[in-house]
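Novice: One structure follows; several queries about it will come next.
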Amino acid sequence: MHRFKDLEIWKKSRLFCTSIYEITSKFPDSEKFGLTNQLRRASVSIPSNIAEGSSRSSNKDFSRFLQITLGSAYEIETQLLIAFDLKFINNQELNDLLKELESIIKMTSKFKSTLN
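So in the numbering used here the end of the sequence shown lands on 109, straight run, no missing numbers.
Structure follows, in structure tokens:
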């Protein structure tokens, strides 16, 4: 069992979630139940799955939750690109968020590989 609060990927993904909430608060009201909701749910899923997986008794189970985490990260990447296409975020915001997300993906993948 891992202490999720000590994991850098959990800390970083929690901060990323805050960034997503901040950026989506600027989206049009018409997106409240669309892209805003999707991005927020997927961003909450990342630290939540890391936390839940860390409570599992085996590395195999934890690895499965990290795989779900990666799926959420790629979902967010797609949604951010769509938000950019729709001009809800600018190029700088997109690049900053994708850079943060890429770091989380790399850290998660590397950590996952140590569990196998």
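Every residue, glycine too, gets a C-beta built ideally from N, C-alpha and C.
Near leucine 94, which residues of its chain fall below 7 Å by C-beta distance, leaving aside the five closest residues on each side in sequence?
Specialist: On the sequence shown, residue 94 is found 101 positions in, with the first residue counted as 1. Phe9, Ala66, Ile69 and Glu70.
Novice: Within 10 Å of its beta-carbon, does threonine 62 have 16 or more other beta-carbons around it, so buried, or fewer, so exposed?
Specialist: For the purposes of this step, residue 62 is taken as the residue at position 69 of the sequence shown. It counts as buried.
Novice: Exposed or buried, what is serine 21 when buried is set at 16 or more other beta-carbons lying within 10 Å of its beta-carbon?
Specialist: The residue labelled residue 21 in the question sits at position 28 within the sequence shown. Note that residue 21 is proline in the sequence shown, not serine. When all chains shown are included, proline 21 counts as exposed.
Novice: Alpha carbons only, please: which of Arg33, Met100, Arg(-4) and Asn109 is nearest the one belonging to serine 47?
Specialist: Taking the first residue of the sequence shown as 1, we reach residue 47 at position 54. That would be Arg(-4), whose Cα lies nearest to the Cα of serine 47.
Novice: Where do the N-terminal and C-terminal ends of the alpha helix (DSSP H) with asparagine 30 fall, by residue?
Specialist: Reading the sequence shown from its first residue, position 37 is the one you call residue 30. Note, asparagine 30: alpha helix (DSSP H), 28 to 47.
Novice: Under a Cβ-count criterion, where at least 16 other Cβ atoms within 10 Å of its own Cβ denotes burial, should glutamine 85 be classed as buried or exposed?
Specialist: Counted from its first residue, the sequence shown places residue 85 at position 92. With fewer than 16 other Cβ atoms within 10 Å, it is exposed.
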